[in-house]
Amino acid sequence: MVETLIRFYRIIELLENSSELRLKDIADSLNMDKSTIHRFLKTLLKYNFVKINPSNKKYSLGLKFLNIATKLIDSIDIRNIAHPYLIELEEISNETIHLTTFDGKRVVYIDKIESREPIRMYSRIGNIAPINCTAAGKVILAFQPEGVINSIIENLDFIPLTKNTITDKEEFIKALKDIRSTGFAIDNSEHEENICCIAAPIKDYSRGVKYAISISAIKARMDLPKLITFKDILIDKANKIS
Numbered sequence: 001m002v003e004t005l006i007r008f009y010r011i012i013e014l015l016e017n018s019s020e021l022r023l024k025d026i027a028d029s030l031n032m033d034k035s036t037i038h039r040f041l042k043t044l045l046k047y048n049f050v051k052i053n054p055s056n057k058k059y060s061l062g063l064k065f066l067n068i069a070t071k072l073i074d075s076i077d078i079r080n081i082a083h084p085y086l087i088e089l090e091e092i093s094n095e096t097i098h099l100t101t102f103d104g105k106r107v108v109y110i111d112k113i114e115s116r117e118p119i120r121m122y123s124r125i126g127n128i129a130p131i132n133c134t135a136a137g138k139v140i141l142a143f144q145p146e147g148v149i150n151s152i153i154e155n156l157d158f159i160p161l162t163k164n165t166i167t168d169k170e171e172f173i174k175a176l177k178d179i180r181s182t183g184f185a186i187d188n189s190e191h192e193e194n195i196c197c198i199a200a201p202i203k204d205y206s207r208g209v210k211y212a213i214s215i216s217a218i219k220a221r222m223d224l225p226k227l228i229t230f231k232d233i234l235i236d237k238a239n240k241i242s
C-alpha cells in the first residue's frame, strides 16, 4: 500500500513540474515500465487528478488539484491581511509582488500583484518553486528553528536551475546566516535567468515564520542593486503584516 502511494506521488510530482508529458516520458523519468504507469494514470484520470490532451495524448495535472489548491488558498486569512500591502508595494516599485508560504522543500505562491510593465516576470497563484534558489524560500527557511533548517538542508537536491543557483551546502548555510543578520533575502537570477528578487519574512504571533513577501523584477529594467534599494520598504510592509 505504501509503495503504491509513493508511486502515485512520484507521478504527480513529475507532472507538477512539467506542462505535458507522454506516457513514455513518464515511464522513462521514473524508471518504471509503461504498463504500470498506464495503470496508475487510468486511476488518476478517473478521479480527475490528471487529464489527457486528446490531440497529442500527453498527460498533465487535472482540475482536482486546482479545486484543492483553491480551497486551501481561500482558507488562508493572511491573504486578506497582506493583500493591501502587496498593492502598495507594486505601486511603489512597479514590479511584481508575491505572497508565499512553504511546504518544506518548496515555496507556494498564494497571492500576487502583477507589475504594470508590459515585460514582467511570469507566475501564477498556486505555482511552486524550490526553496533553495528563491528569495522567498530562503528567507522563510532562514528563520526556522535550527533543527528544522538542518533537516530540510539534508534533503535538498541543490539542482542548478541557472548558473547562479547555489549548489554547495556550506555556501547555502552561510547565505541563510547572512539573511538572519540582514533581515531579507535575495535571488540573483538563481531560479530564473534575467530575474532578480528580494524577500522579507512575515512573522506570526510566536515570532515564527511561515510566509514571506517579495518583489521580483526583470534585470533589464531593474538590476539587483537597484532592487535592493526597496528592502527597507519591503521589510516595513512585512512587519506591518506580522
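Position 109 of the sequence shown, counting from 1, maps to 109 under full-length UniProt numbering, and the rest follow consecutively.
All residues carry an ideal CB built from backbone N, CA and C; glycine is no exception.
No experiment lies behind these values; they were computed from the predicted model shown.
- The alpha-carbon separation between residue 149 and residue 86 amounts to approximately 28 angstroms.
- Look at the beta carbons and you see the stretch 59-66 not touching the stretch 90-108: under three pairs across the two are nearer than 8 angstroms.
- The residue among 47, 22 and 48 with its C-alpha nearest the C-alpha of residue 37 is 22.
- Contact check for residue 197 and residue 135: beta-carbon distance about 4 angstroms, within the 8 angstroms limit, so the pair qualifies.
- Beyond the five residues adjoining it in sequence on each side, residue 166 comes within less than 8 angstroms, by CB distance, of 132, 133, 158, 172, 175 and 190 in the same chain, given in chain order.
- Residue environment analysis places residue 19 among the exposed positions, since fewer than 16 neighbouring C-beta atoms fall within 10 angstroms of its C-beta.
- Nearest neighbour of residue 95 by Cα position, chosen from 110, 122 and 206, turns out to be 122.
- In this structure the stretch 9-16 touches the stretch 25-32; the number of beta carbon pairs closer than 8 angstroms is three or more.
- When C-alpha distances from residue 145 are compared across 116, 104 and 213, the shortest belongs to 104.
- In this structure, the beta-carbon distance from residue 188 to residue 218 does not fall below 8 angstroms.
- Scanning its chain for C-beta atoms nearer than 6 angstroms, with the 5 sequence neighbours on each side dropped, one finds around residue 156 the residues 132, in chain order.
- In this structure, the straight-line span from the alpha carbon of residue 79 to that of residue 101 is close to 11 angstroms.
- The three-state reading of DSSP puts residue 59 in strand, counting E and B together.
- In this structure residue 163 is exposed. Its beta-carbon is surrounded by fewer than 16 other beta-carbon atoms within 10 angstroms.
- Runs of the alpha helix (DSSP H) spanning 4 or more residues and lying entirely within the stretch 161-233 occur at 169-182 and 224-228, in chain order.
- The residue from 117, 230, 204 and 207 with its alpha-carbon nearest to that of residue 215 is 230.
- Under the DSSP assignment, residue 111 falls in the beta strand (DSSP E) whose first and last residues are 106-113.
- Only exposed fits residue 232, as fewer than 16 other CB atoms lie within 10 angstroms of its CB.
- Residue range 78-93 is occupied by the alpha helix (DSSP H) that includes residue 92.
- Between residue 112 and residue 125 a beta carbon distance of about 6 angstroms is seen, short of the 8 angstroms cut, so the two are scored as contacting.
- The DSSP-derived three-state label of residue 41 is helix.
- Here the alpha carbon of residue 168 sits roughly 12 angstroms from the alpha carbon of residue 154.
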